[in-house]
Ligand code: SF4
Ligand code: SF4
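Residue numbers (the numbering used here): 69 to 511.
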């Protein structure tokens, strides 16, 4: 039965769906924007990640249902499912579903990073350039991650978000994609992949380009698509370990002003006024007009091309931009950049970062074999479900310690009149602890 716009929004809110590929923006809010085009983002452009691809292979009909709901809610007449051209199995799974749906098309992307960045993706698929610091609805487009759309499709069938498909890669015995109850520890996820194969190691939560070093007791949330295990002395681990202050000292002494960080920056190549080499020059020499150099931090999407691929001196304009952004946030400063580029840089196509090169440069070639799909969902003995897994306010517990809960049961919801989404029990069991940060359930 087709649902009305309001029914879709209500069900997606009640299921607790958030943007699975980014910072966790509540999906029910995004569904309220009007648009002409909806794009299902299946680019999954970071090396080593396969969670979205595998989910599309397993659940093509749920993806179509979710996409159809997003079109209804936004009033869009056209939708595209954007997948990399070489995701052959995902393309084969979805193509037959589209045969009688002329308003939904496949859009096949080249294999470059960051193809899934919203600004890049919208330009690749629709030819529209989002203004600096802007969002896709400003050009009549809505972008939803494919996992989120599948969850929207499942929400309409009465399900809630209690699992996350996670890719476990790197130094593990059995690299795999596995369905993991929210709140499962990274230690349990790694154990499911057969355990670690080296003595000294570090964990990265997320992808190798935009992830973060993590501890084993950290847990899977609605936005955790990957867990990467790397040797402690791996290049990526040392890059992620440097503090912003050390990054600044290194940049001040070692930057050779070659401007490769700017020339390869995906946002600069879309015509935005971001030139990281000038920001570093400003930091090093206290130039006039520093504000303009520093405020370009608002235009950085933290993709990591500058530090992981471009810079011959292994410096990190990205880390410095992040530190600047944090300082601006403390001051309550707003993004002054609003330029609407008329066209991208003429050399954009030739400067896209090929995944094969990125993988080689990052020292990830030994880990590139495709992971298995583990069809048996993980069954941890206990979970810690984070109160804040989304943009907005942390949820508040609705139950008390000692109460029994069933998988899928509502356990927390946002404070009155605050942005957020409800949370549900990811396993059946008894609540053993409630803190401001999490609800613990023992199975
Ligand atoms: S991380 Fe670097 S390459 Fe990416 S947008 Fe920011 S400055 Fe540009
Ligand atoms: S690429 Fe590295 S060395 Fe070259 S300008 Fe940028 S930060 Fe400096």
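For each residue, glycine too, the CB sits at the ideal point set by N, CA and C.
The structure displayed is predicted, hence computed values, not measured ones.
Handout entry: Inter-stretch contact (C-beta, 8 Å, three-pair minimum) for the segment 394-411 and the segment 196-209
Key = yes
Practice task
Return yes when at least one heavy atom of ligand 2 lies under 7 Å from the C-beta of residue 373, else no.
Solution key: no
Exercise for the section: Taking residue 430 and residue 376 to be in contact with their CB atoms under 8 Å, please state how far apart those CB atoms are, rounded to whole angstroms. Expected result: 6 Å
Handout entry: Cα-Cα separation, residue 255 to residue 284
Key = Answer to the nearest angstrom: the Cα atoms are 5 Å apart.
Handout entry: Any non-hydrogen atom of ligand 2 closer than 7 Å to residue 325 Cβ
Key = yes
Practice task
Sort out for me which residues DSSP pairs residue 253 with in a bridge.
Solution key: 287
Problem - DSSP bridge partner residues for residue 501 (one or two, in chain order) - result: 508
Problem - Cα-Cα separation between residue 489 and residue 261, rounded to whole angstroms - result: 31 Å
Problem - Supposed close pair residue 150, residue 109 - CB separation, criterion 8 Å - result: 6 Å
Practice task
For residue 380, verify whether its CB is less than 7 Å away from any heavy atom of ligand 2.
Solution key: yes
Practice task
May I ask which residues mark the beginning and end of the alpha helix (DSSP H) holding residue 173?
Solution key: That residue, residue 173, is in no alpha helix (DSSP H); its beta strand (DSSP E) goes 172-177.
Practice task
Please classify residue 198: does DSSP put it in a helix, a strand, or coil?
Solution key: Three-state result, residue 198: coil.
Practice task
Just the C-alpha distance for residue 351 and residue 320, rounded to the nearest angstrom, thanks.
Solution key: 7 Å
Practice task
Starting from residue 139, follow the alpha helix (DSSP H) in both directions and report where the run begins and ends.
Solution key: Taken as a continuous stretch (DSSP letters only), the alpha helix (DSSP H) holding residue 139 covers 128-142.
Practice task
Go ahead and label residue 402 buried or exposed: buried means 16 or more other beta carbons lie within 10 angstroms of its beta carbon, across all protein chains shown.
Solution key: exposed
Practice task
Starting from the Cα of residue 297, find the closest Cα among 117, 148, 126 and give me that residue.
Solution key: When 117, 148, 126 are compared, the shortest CA-CA separation from residue 297 is found for 117.
Exercise for the section: Whole angstroms is fine: what's the gap from residue 251's alpha carbon to residue 495's? Expected result: 9 Å
Practice task
Please say whether residue 218 and residue 337 have beta carbons closer to each other than 8 Å?
Solution key: Result no, Cβ atoms of residue 337 and residue 218 do not sit closer than 8 Å.
Handout entry: Paired residues, beta bridge with residue 441 - DSSP
Key = 245
Handout entry: residue 80 versus residue 439: straight-line alpha-carbon distance, rounded
Key = 31 Å
Problem - Close beta carbons around residue 339, own chain, < 6 Å, minus the five adjacent residues each side - result: 409, 412
Exercise for the section: Please report the residue range of the alpha helix (DSSP H) in which residue 212 lies. Expected result: That residue, residue 212, is in no alpha helix (DSSP H); its beta strand (DSSP E) goes 209-213.
Practice task
Compute the minimum distance between the beta carbon of residue 107 and the heavy atoms of ligand 1, and state whether it is under 7 Å.
Solution key: Not so, every heavy atom of ligand 1 lies at least 7 Å from the Cβ.
Problem - Cβ-Cβ distance between residue 446 and residue 257 below 8 Å - result: yes
Practice task
Return yes when the C-beta of residue 113 is under 7 Å from any heavy atom of ligand 1, and no when it is not.
Solution key: no
Practice task
Taking 8 Å as the cut-off, decide whether the C-beta atoms of residue 480 and residue 463 are in contact.
Solution key: yes
Exercise for the section: Run the proximity test for residue 385: is its beta-carbon closer than 7 Å to any non-hydrogen atom belonging to ligand 1? Expected result: yes
Problem - Nearest-angstrom Cβ-Cβ length linking residue 133 and residue 221, presumed shorter than 8 Å - result: With a Cβ gap of about 4 Å, residue 133 and residue 221 count as contacting.
Handout entry: Contact check, residue 349 vs residue 368, beta carbons under 8 Å
Key = Their beta carbons are not under 8 Å apart, which means residue 349 does not touch residue 368 by this criterion.
Problem - Buried or exposed by the 16-neighbour rule on C-beta atoms within 10 Å, applied to residue 326 - result: Burial call: exposed.
Problem - Rounded separation between residue 247 and residue 215 - CA only - result: 12 Å
Practice task
Return the chain-ordered list of same chain residues with a C-beta closer than 7 Å to the C-beta of residue 193, the five sequence neighbours on each side being excluded.
Solution key: 107, 148, 150, 175
Handout entry: For residue 184 and residue 89, believed in contact at Cβ under 8 Å, the rounded distance
Key = 7 Å
Handout entry: Length of the line joining the Cα atoms of residue 341 and residue 365
Key = Taking the straight line from one Cα to the other gives about 10 Å.
Handout entry: residue 468 versus residue 459 - alpha carbon distance
Key = 25 Å
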